[in-house]
Amino acid sequence: MGPTLKIRTENRRGILMALTLGEANKMVQAAIAEAERINIKLSVSVCDAGGHLLAFNRMEGAIFISAVAAQGKAFGAVGFGRDSSAIPVDSPVIQAIMATQGGRVIPAQGALLVVKDGEVVGAIGGSGGTAQQDEDCARVGLAAL
């Protein structure tokens, strides 16, 4: 397990802190460009530290379920404070928490935390390729921040 990161949900004025729309859109566009480069049809989702959807795109031709999966991967990553591939799905505690979320958490490779100044401020998730392609596209999106 990596270092413990603080998840920032509020700023100093008590207002929910999120990525800006501009930052989120920039990450989505970079991930989409990578998907085009490697010739896959991808859905990409960015959520803020509270798990709320901030930006989303589904490429033409991407399977419809990839839209749900991209959002679920990002939601799960930020909710558990770790990249989606590191969520221990065999843990009874994790399974119980996931059950309370009504299927919103997708604990599969493809989402990465967005960290600023040591604080988790959101997550980016991709779906539509292989698990590794999804994560690679998310990583390119993250690097655009």
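The working numbering puts the first residue of the sequence shown at 50, with every later residue one more than the last. Built from N, CA and C at the ideal position, the CB exists for glycine as well.
Over the uninterrupted alpha helix (DSSP H) stretch that includes Ala111, give me the two end residues.
It is not in any alpha helix (DSSP H) - Ala111 carries neither H nor E in the DSSP assignment.
Leaving aside the five residues before and after Val138 along the sequence, list all residues of the same chain whose C-beta is less than 6 angstroms from its C-beta, in chain order.
Answer for Val138: Pro156, listed in chain order.
Does Gly71 pass the burial test, meaning 16 or more other C-beta atoms within 10 Å, or should it be called exposed?
exposed
Bridge-paired residues (DSSP) for Asp97:
Gly171
Beta carbon of Gly178, beta carbon of Lys90: below 9 angstroms?
yes
Over what stretch of residues does the alpha helix (DSSP H) that includes Val154 continue unbroken?
Taken as a continuous stretch (DSSP letters only), Val154 belongs to no alpha helix (DSSP H), as it is neither H nor E.
Determine the DSSP secondary structure at Val189, reduced to helix, strand or coil.
Annotated three-state conformation of Val189 is helix, per DSSP.
Whole-angstrom C-beta distance between Val169 and Ala98, which should lie under 8 angstroms:
About 6 angstroms separates the two Cβ atoms, so the contact holds.
For Lys122, three-class secondary structure by DSSP:
helix
Just to confirm my understanding: we take Arg107, look at its own chain, exclude 5 residues before and 5 after, and list those with CB closer than 6 angstroms. What are they?
Within the same chain, Arg107 has close Cβ partners Ser92 and Ala116.
Would you identify the three-state DSSP class for Lys75, choosing helix, strand or coil?
helix
Please classify Ala104 as buried or exposed, where buried requires at least 16 other C-beta atoms within 10 Å of its C-beta.
buried
Check the C-beta distance from Ser140 over to Ala160 and give it rounded, since I have them as a contact under 8 angstroms.
The Cβ separation is near 18 angstroms, so there is no contact.
Within 10 angstroms of the Cβ of Ser94, are there 16 or more other Cβ atoms? Answer buried if so, exposed if not.
buried
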